[in-house]
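From first to last, the protein sequence lines are chains Z and H.
Residue 83 in the working numbering sits at position 83 of the first sequence, with consecutive numbering throughout.
Quick note: to get the working numbering, add 145 to the position in the second sequence (first position is 1).
In what follows, a structure is listed as structure tokens, so that the remarks can point back to it.
Number of protein chains: 2
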Amino acid sequence: MAGAAAALRERGLPLTVQRRRLLERFLLCTDHPAAETLYADVAPLVPGLSRATVYRTLETLVELGLAVRIGHPGWEVRYDPRIERHHHLVCDGCGAVSDHESAALDALRPPRRIAGFAVRDFSVQFRGLCVCCTRLRSKRAPHTR
Amino acid sequence: MAGAAAALRERGLPLTVQRRRLLERFLLCTDHPAAETLYADVAPLVPGLSRATVYRTLETLVELGLAVRIGHPGWEVRYDPRIERHHHLVCDGCGAVSDHESAALDALRPPRRIAGFAVRDFSVQFRGLCVCCTRLRSKRAPHTR
DNA sequence: ATTCATGCAAAGTGTTTGCAGTATC
DNA sequence: GATACTGCAAACACTTTGCATGAAT
Numbered sequence: 001m002a003g004a005a006a007a008l009r010e011r012g013l014p015l016t017v018q019r020r021r022l023l024e025r026f027l028l029c030t031d032h033p034a035a036e037t038l039y040a041d042v043a044p045l046v047p048g049l050s051r052a053t054v055y056r057t058l059e060t061l062v063e064l065g066l067a068v069r070i071g072h073p074g075w076e077v078r079y080d081p082r083i084e085r086h087h088h089l090v091c092d093g094c095g096a097v098s099d100h101e102s103a104a105l106d107a108l109r110p111p112r113r114i115a116g117f118a119v120r121d122f123s124v125q126f127r128g129l130c131v132c133c134t135r136l137r138s139k140r141a142p143h144t145r
Numbered sequence: 146m147a148g149a150a151a152a153l154r155e156r157g158l159p160l161t162v163q164r165r166r167l168l169e170r171f172l173l174c175t176d177h178p179a180a181e182t183l184y185a186d187v188a189p190l191v192p193g194l195s196r197a198t199v200y201r202t203l204e205t206l207v208e209l210g211l212a213v214r215i216g217h218p219g220w221e222v223r224y225d226p227r228i229e230r231h232h233h234l235v236c237d238g239c240g241a242v243s244d245h246e247s248a249a250l251d252a253l254r255p256p257r258r259i260a261g262f263a264v265r266d267f268s269v270q271f272r273g274l275c276v277c278c279t280r281l282r283s284k285r286a287p288h289t290r
């Protein structure tokens with residue numbers, strides 16, 4: 001919390017009541033909440049809190065490097081006609097998805113069971129930046145997303 | 146395509162014009178299309194094609210085991226104040242998705258780079274049957290989905 | 001003839017944006 | 001007092017659903 005407040009100050013960003021309350025709650029979360037969840041938790045403490053503020057605050061935190069985004073807004077489900085086990089490289093920059101075959105990963109044997117869940121197969125999703133997007137980033141000032 | 150047609154017939158599902166065209170196109174795709182993309186590609190060939198049909202067809206293919214879904218419908222972006230990764234258990238039976246935290250997986254260090262792709266993080270998707278569905282299967286006749 | 005798929009349009013989520021007003025620095 | 005944030009409501013993107021019609025077996 002202290003670190004977060006400092007990070008905001010450093011950028012000249014006001015520490016509003018809404019942000020303080022959201023931070024207090026968010027930084028304790030261990031369950032990677034969605035915006036809606038955080039809104040539900042904090043709204044009772046901040047009369048009139050708007051969902052938009054929650055969304056905006058969370059994105060600000062990501063920009064400040066105080067939070068990690070899991071997934072991307074506006075990202076659709078994609079489908080793959082290849083059903084054999086294979087893995088994916090998902091670009092955080094442009095959304096491109098490419099396949100990745102790996103003997104090493106294929107050699108792994110997943111656990112049969114995870115907390116009652118009967119595991120049948122697995123696949124790994126690597127997130128990062130594709131070649132094109134890497135090139136773009138290195139030119140301009142580094143800037144998240 | 147032949148295999149797909151057979152799979153449909155086996156289940157007594159009609160091979161409609163729309164499905165045929167969608168299949169013809171989809172099975173050739175190597176770029177993990179989203180529903181919208183497939184719609185754009187096929188709509189010119191099937192006058193009056195509806196988006197709903199595309200969505201429904203793709204989900205049918207997943208149920209038949211002819212396609213895999215990358216991502217989950219209705220999934221919101223989640224945020225994490227710890228820079229910690231987490232994984233997913235996806236039930237082939239009911240489609241439920243639950244989170245899975247694993248110290249062992251967290252300890253893994255992904256490669257920095259895969260064929261030019263700058264890896265930032267990864268997450269593992271385990272597919273199988275959740276507790277409820279496992280119970281159902283063991284009682285009733287096995288029934289894929 | 002039966003069964004299931006389709007199109008349409010409406011509704012449902014999750015998220016973003018423009019704007020006028022307001023709090024923070 | 002300047003700047004940036006907030007709430008509101010409307011817009012937006014993606015996806016699902018109900019229903020009457022129509023097509024495949």
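Cβ coordinates follow ideal geometry from the N, Cα and C atoms, glycine included.
Where residue i and residue j are concerned, what is the direct C-alpha to C-alpha distance, given to the nearest angstrom?
i, j, result
"Val213/H", "Ala40/Z", "33 Å"
"His86/Z", "Gly148/H", "20 Å"
"Cys29/Z", "Pro218/H", "24 Å"
"Arg166/H", "Pro159/H", "13 Å"
"Asp92/Z", "His233/H", "19 Å"
"Arg285/H", "Thr279/H", "Interpretation of Arg285/H is limited by its pLDDT of 46, a score under 50 that renders its predicted location unreliable; no figure is taken from the coordinates."
"Leu108/Z", "Glu246/H", "18 Å"
"Gln163/H", "Glu76/Z", "22 Å"
"Gly48/Z", "Phe26/Z", "18 Å"
"Gly261/H", "Thr16/Z", "42 Å"
"Val207/H", "Arg223/H", "25 Å"
"Cys239/H", "Glu10/Z", "48 Å"
"Asp176/H", "Leu105/Z", "21 Å"
"Leu211/H", "Arg112/Z", "24 Å"
"Tyr200/H", "Gly12/Z", "46 Å"
"Ser243/H", "Cys275/H", "9 Å"
"Ala6/Z", "Gly71/Z", "27 Å"
"Glu84/Z", "Leu281/H", "26 Å"
"Val187/H", "Ser123/Z", "29 Å"
"Asp259/H", "Leu58/Z", "What sits at residue 259/H in the sequence shown is Ile, not Asp. Distance between the alpha carbons of Ile259/H and Leu58/Z: 30 Å."
"Pro255/H", "Ser50/Z", "38 Å"
"Leu209/H", "Ala103/Z", "27 Å"
"Pro44/Z", "Val191/H", "51 Å"
"Arg145/Z", "Ala263/H", "Legend: pLDDT at Arg145/Z = 34, less than 50; position of this residue unreliable, no value from coordinates given."
Can you tell which of the options has its C-alpha closest to the C-alpha of residue i?
i, options, result
"Leu8/Z", "Thr30/Z, Thr37/Z and Thr60/Z", "Thr60/Z"
"Ala179/H", "Asp92/Z, Ala115/Z, Asp80/Z and Ala118/Z", "Asp80/Z"
"Ala241/H", "Gln270/H, Glu155/H, Pro255/H and Arg265/H", "Gln270/H"
"Ala197/H", "Asp251/H, Leu183/H, Ala263/H and Arg223/H", "Leu183/H"
"Cys132/Z", "Pro110/Z, Ala118/Z, Arg112/Z and Val90/Z", "Val90/Z"
Going by DSSP, which residues form a beta bridge with residue i?
i, result
"Val262/H", "Here residue 262/H turns out to be Phe, not Val, going by the sequence shown. BP columns for Phe262/H point to Ile259/H."
"Ala179/H", "Arg78/Z"
"His88/Z", "Asp99/Z and Gln125/Z"
"Arg214/H", "Tyr79/Z"
Assuming residue i and residue j make a contact with CB atoms under 8 Å, what is their CB distance in whole Å?
i, j, result
"Met146/H", "Glu169/H", "6 Å"
"Arg120/Z", "Gly273/H", "4 Å"
Report yes if the C-beta of residue i is less than 7 Å from at least one heavy atom of the ligand FMN; otherwise report no.
i, result
"Arg56/Z", "By its list of ligands, the structure shown contains no ligand whatsoever, and the ligand FMN lies outside what it can speak to."
Query raised in the report: Quick one, which residues of the segment 200-228 of chain H are near chain Z if we go by CB-CB under 8 Å, in chain order?
Result: Within the segment 200-228 of chain H, the residues whose Cβ lies closer than 8 Å to some Cβ of chain Z are Leu203, Leu206, Val207, Gly210, Leu211, Ala212, Val213, Arg214, Ile215, Gly216, His217, Pro218, Trp220, Glu221, Val222, Arg223, Tyr224, Asp225, Pro226, Arg227 and Ile228, listed in chain order.
Requested in this report: Could you name the residues of the segment 261-278 of chain H whose beta carbon sits closer than 8 Å to any beta carbon of chain Z, in the order they occur along the chain?
Outcome: Closer than 8 Å at the C-beta level to chain Z, one finds these residues of the segment 261-278 of chain H: Gly261, Phe262, Ala263, Val264, Arg265, Asp266, Phe267, Ser268, Val269, Gln270, Phe271, Arg272, Gly273, Leu274, Cys275 and Val276.
Report task. Can you give me, in chain order, the residues of the segment 31-51 of chain Z that have a beta carbon less than 8 Å from any beta carbon in chain H? Result -> Listed by position, the residues of the segment 31-51 of chain Z near chain H (Cβ gap below 8 Å) are Asp31, His32, Pro33, Ala34, Ala35, Glu36 and Leu38.
**Report entry** Interface positions of the segment 164-176 of chain H facing chain Z (Cβ-Cβ less than 7 Å), listed along the chain
**Finding:** Within the segment 164-176 of chain H, the residues whose Cβ lies closer than 7 Å to any Cβ of chain Z are, in chain order, Phe171, Leu172 and Cys174.
Query raised in the report: Name the residues in the segment 240-255 of chain H whose C-beta lies less than 7 Å from a C-beta of chain Z; which are they?
Result: Within the segment 240-255 of chain H, the qualifying residues are His245 and Pro255.
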